[in-house]
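Here the structure is laid out as structure tokens; the discussion comes afterwards.
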Amino acid sequence: MSIEVLNVSKLYSSQKALDNVSFSIKKGEIVGFLGPNGAGKSTMMKILTGFITDFEGEVSVANFNILKAKIEAQKNIGYLPEHNPLYVEMYVKEYLQFLVEIHKLGNIAIEDIIIKVGLTPEAHKKIGQLSKGYRQRVGIAAALLHNPEVLILDEPTTGLDPNQITEIRNLIKEVGKDKTVLFSTHIMQEVEALCDRVLLINNGKIVADKNLKELKENQEQVIEVEFDLKIEKQFIETIPYLKAFNNTHDTSWVLTFNTSKDMRSIVFDFAQNNGLKTLKLNTINKNLESLFKELTT
Ligand code: ADP
Ligand code: MG
12 MSIEVLNVSK LYSSQKALDN VSFSIKKGEI VGFLGPNGAG KSTMMKILTG
62 FITDFEGEVS VANFNILKAK IEAQKNIGYL PEHNPLYVEM YVKEYLQFLV
112 EIHKLGNIAI EDIIIKVGLT PEAHKKIGQL SKGYRQRVGI AAALLHNPEV
162 LILDEPTTGL DPNQITEIRN LIKEVGKDKT VLFSTHIMQE VEALCDRVLL
212 INNGKIVADK NLKELKENQE QVIEVEFDLK IEKQFIETIP YLKAFNNTHD
262 TSWVLTFNTS KDMRSIVFDF AQNNGLKTLK LNTINKNLES LFKELTT
């Protein structure tokens, strides 16, 4: 196991930030740690990385106990903190070199890491001159320097613009090919875009631990459709796999199917066979979203 967490609880004075949390993550998994603000994600990550040591329970990373063998565990962890402190006056390379020196990492091919995280065009600049997206790349490069088995990324895309988000997601996917990754987010689409598995946390408790594939297979599918004419519900009822329907406007319907198969072409054919034109046809991928809402409100 890359990460093992057993019955972990954490109090900040009287406030319970984590309440009997247990999970384990296998080597090579990319896991999304999803939960609303204040759920306990950062606290869990600070415990996993050895920055918070006063907690109850057992934690090991790369089979090293985080309290009893902290240095060994940390050698296997790359950490991108939520508010990543960067030295804005330093140049990118200088900063990475500085980290190599203070952590006594020896001979590290910084240039290769700069290429890997896509920093090459900005590598000659001062960190303070970089956009937030490139600063995150510097943070990820820093987390990769010692080639750790496990990457812990605390909200790596929060505060980035849409293009930067896509780029950082792609980077996480890329580095996740040969690492175990746990990243936190409060955006469920992020989980769908990136990972195999989701751990959902709310009020300090793990409320779901699901495989994304499983989740997708079990899901219902919702389609929004608009025809050019009004039709009777008896016609709508003839569409196969239909579980529920709602006539939202005159000619607009929301159709719920109990299948994960893409039903758009069936709805389209239905319209054509009944002499209707399809003016709008959208799938709404509801499952993770509804699960998130259900479990966090
Ligand atoms: P998340 O990262 O999911 O937003 P956090 O782990 O940061 O959640 O916080 C969990 C809970 O613990 C929140 O209610 C937060 O206010 C509280 N908390 C976090 N850090 C501290 C701290 N240093 N002192 C007191 N309370 C804290
Ligand atoms: Mg946080």
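When the letters of the sequence shown are read in order and numbered with my numbering, they come out as residues 12 to 308. Positions of the beta carbon are idealized from the N, C-alpha and C atoms, including for glycine.
Near the ligand MG: residue i beta-carbon under 7 Å from a heavy atom
{"i": "residue 52", "result": "yes"}
{"i": "residue 201", "result": "no"}
{"i": "residue 166", "result": "yes"}
{"i": "residue 69", "result": "no"}
Of the listed residues the options, nearest to residue i (C-alpha basis)
{"i": "residue 69", "options": "33, 280, 134 and 187", "result": "33"}
{"i": "residue 207", "options": "12, 44, 125 and 19", "result": "44"}
{"i": "residue 162", "options": "156, 190 and 244", "result": "190"}
{"i": "residue 234", "options": "30, 272, 127 and 186", "result": "272"}
{"i": "residue 265", "options": "293, 249 and 79", "result": "293"}
{"i": "residue 174", "options": "155, 142 and 154", "result": "142"}
{"i": "residue 288", "options": "268, 239 and 252", "result": "239"}
{"i": "residue 236", "options": "146, 124 and 290", "result": "290"}
{"i": "residue 231", "options": "219, 220 and 253", "result": "253"}
According to DSSP, residues forming a beta bridge with residue i
{"i": "residue 23", "result": "26"}
{"i": "residue 221", "result": "209"}
{"i": "residue 216", "result": "213"}
{"i": "residue 71", "result": "15 and 76"}
{"i": "residue 143", "result": "DSSP lists no partner for residue 143."}
Three-state secondary structure (DSSP) of residue i
{"i": "residue 282", "result": "helix"}
{"i": "residue 252", "result": "coil"}
{"i": "residue 66", "result": "coil"}
{"i": "residue 237", "result": "strand"}
{"i": "residue 130", "result": "coil"}
{"i": "residue 106", "result": "helix"}
{"i": "residue 99", "result": "coil"}
{"i": "residue 156", "result": "coil"}
Cβ-heavy atom distance, residue i to the ligand ADP, below 7 Å
{"i": "residue 48", "result": "yes"}
{"i": "residue 90", "result": "no"}
{"i": "residue 28", "result": "yes"}
{"i": "residue 23", "result": "yes"}
Can at least three beta-carbon pairs, one atom from the segment 134-141 and one from the segment 99-115, be found at a separation below 8 Å? yes
Across the segment 89-98 and the segment 115-125, are there enough close Cβ pairs to call them in contact, namely three or more that are closer than 8 Å? no
Is there contact here, the segment 50-63 with the segment 13-24, by at least three beta-carbon pairs under 8 Å? Under the 8 Å Cβ criterion, the segment 50-63 counts as touching the segment 13-24, having at least three qualifying pairs.
Check whether the segment 179-198 touches the segment 274-288, counting contact only when three or more Cβ pairs, one atom from each stretch, lie closer than 8 Å. Between the segment 179-198 and the segment 274-288 there are fewer than three C-beta pairs closer than 8 Å, too few to call the two in contact.
Evaluate the contact criterion for the segment 105-112 versus the segment 165-180: three or more CB pairs, one atom per stretch, below 8 Å. no
Cβ contact check for the segment 256-264 and the segment 206-226: 3 or more pairs under 8 Å: no
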